[in-house]
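Residue numbers (the UniProt record's numbering): 1 to 273.
First up is the structure itself, then whatever we jot down about it.
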Amino acid sequence: MAKRDTSWTMAKYKRFLSENRGAGQLASYKPWLSIQDFPSNGRVSRIKGWKTNRIHHFFSDIQTRCFYMFEWDDEIVDIREHYPLLDLVEVVKDNKDLKQEFFTNKEPPYILTTTFLLTLRNHKYIARTVKSSSELGKKSVLERLEIERRYWAAKQIDFGIITQKEIPTKMVKNIEWIHSSLYTYEERGLTENSLENYCNILIDKFRDNKHSIRKITSDFDKENNVSDGTGLFIFKYLLASKHIYIDMNELIDITESRPKIIIDWGARYASNQ
1 MAKRDTSWTM AKYKRFLSEN RGAGQLASYK PWLSIQDFPS NGRVSRIKGW
51 KTNRIHHFFS DIQTRCFYMF EWDDEIVDIR EHYPLLDLVE VVKDNKDLKQ
101 EFFTNKEPPY ILTTTFLLTL RNHKYIARTV KSSSELGKKS VLERLEIERR
151 YWAAKQIDFG IITQKEIPTK MVKNIEWIHS SLYTYEERGL TENSLENYCN
201 ILIDKFRDNK HSIRKITSDF DKENNVSDGT GLFIFKYLLA SKHIYIDMNE
251 LIDITESRPK IIIDWGARYA SNQ
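So, in structure tokens, the structure goes:
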């Protein structure tokens with residue numbers, strides 16, 4: 001098997017530009033970096049996004065966890081990962097005290113990226129770089145972060161750094177657990193009509209039901225003559241689509257009796273206390 005070429009060359013730079021990397025929005029956006037391009041020191045992930053309907057590429061668990069956090073936030077409407085600062089030299093004029101290798105005309109130019117550029121519902125943008133807290137003591141990392149900060153400041157876009165310390169671990173684990181259910185119902189042999197029908201049936205079972213999620217979904221499988229796990233999948237789908245709500249700040253326990261579930265199905269609301 002041929003060894004992957006990870007060198008940064010002028011040919012690769014031109015190819016990235018010709019592929020419109022760093023351009024587009026939502027489904028049309030292409031990140032500057034993909035997991036096929038360079039090796040990673042962390043665990044890589046490819047995840048289909050709720051908001052973008054495309055595959056996102058991540059090089060570490062911290063990046064992936066941030067992505068889940070952003071997916072859950074209704075104020076964020078687009079997520080662009082590994083966003084390239086292609087116009088860095090033109091934008092950052094105040095650079096005399098910065099590392100000049102980023103501001104010279106060498107070929108190929110070294111392209112800095114910001115981990116996430118996020119579009120908000122109010123049409124504003126925020127930029128977030130993700131780093132392990134242990135990296136923040138490194139001079140080279142701090143120099144690059146300062147370049148990013150000045151870049152986004154010049155564009156009047158809010159910039160911030162996220163480490164593992166700012167990530168709500170329990171919430172992220174819950175989101176990861178339900179995430180794929182939003183777009184894989186067809187893989188379980190469900191149609192849109194059957195999915196909606198099963199959602200309504202399961203919601204009705206949650207009303208005034210004092211049993212655990214495990215028992216409710218297991219009974220659902222038997223009563224509707226569907227394969228084991230279908231009811232639990234529907235439960236995940238209802239959470240992912242936010243037709244029902246549960247405290248996402250605590251790890252979801254499907255064995256808990258009388259789970260506190262808030263139901264929102266159209267104009268109907270109910271609370272299972």
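Glycine included, every Cβ here is placed at the ideal spot set by N, Cα and C.
- For the options S212, D221, S181, the alpha carbon positioned closest to that of K242 is the one of S181.
- Take the alpha-carbon of Q164 and the one of E135: they are about 11 Å apart.
- CA-to-CA, the gap between A27 and Y110 works out to about 26 Å.
- Here Y198 has I234 as same chain residues with Cβ atoms under 6 Å from its own Cβ, once five neighbours each way along the sequence are excluded.
- Rounded to whole angstroms, C66 and I167 show a C-alpha spacing of 7 Å.
- The DSSP assignment places 139 to 154, 169 to 179 as complete runs of the alpha helix (DSSP H) inside the segment 139 to 190, in order along the chain (cut-off: 4 residues).
- The Cβ-Cβ distance between V130 and Q63 falls below 8 Å.
- By the beta-carbon neighbour count (other beta carbons within 10 angstroms, threshold 16), F38 is exposed.
- Between K205 and I213, the C-beta gap is not smaller than 8 Å, which leaves the two residues out of contact.
- DSSP lists T113 as the bridge partner or partners of P84.
- C-alpha of N200 to C-alpha of A240: approximately 15 Å in a straight line.
- When C-beta atoms of the segment 89 to 97 are compared with those of the segment 71 to 80, fewer than three pairs fall below 8 Å, so the two segments do not count as touching.
- Counting only runs that start and end inside the segment 51 to 106, the alpha helix (DSSP H) elements of at least 4 residues fall at 61 to 72, 88 to 91.
- Partner residues in a beta bridge of D247, as assigned by DSSP, do not exist.
- In the DSSP annotation of this structure, Y29 is not part of any alpha helix (DSSP H), being labelled neither H nor E.
- Spatial neighbours of D264 in its own chain (CB-CB distance under 8 Å, excluding positions within 5 residues in sequence) are listed in chain order as K242, H243, I244, Y245.
- Between E71 and H179 a beta carbon distance of about 7 Å is seen, short of the 8 Å cut, so the two are scored as contacting.
- Between P84 and R150, the C-beta spacing is not below 8 Å.
- The C-beta distance from L195 to Y183 rounds to 11 Å, too long to meet the 8 Å contact threshold.
- When rounded, the separation of the alpha-carbon atoms in Q100 and K139 is 15 Å.
- A straight line joining the alpha-carbon of S34 with that of V44 spans about 10 Å.
- For the options T191, E192, G137, I126, the alpha carbon positioned closest to that of G160 is the one of I126.
- Distances from the alpha-carbon of K170 to those of I252, I203, P108, T119 put I252 closest.
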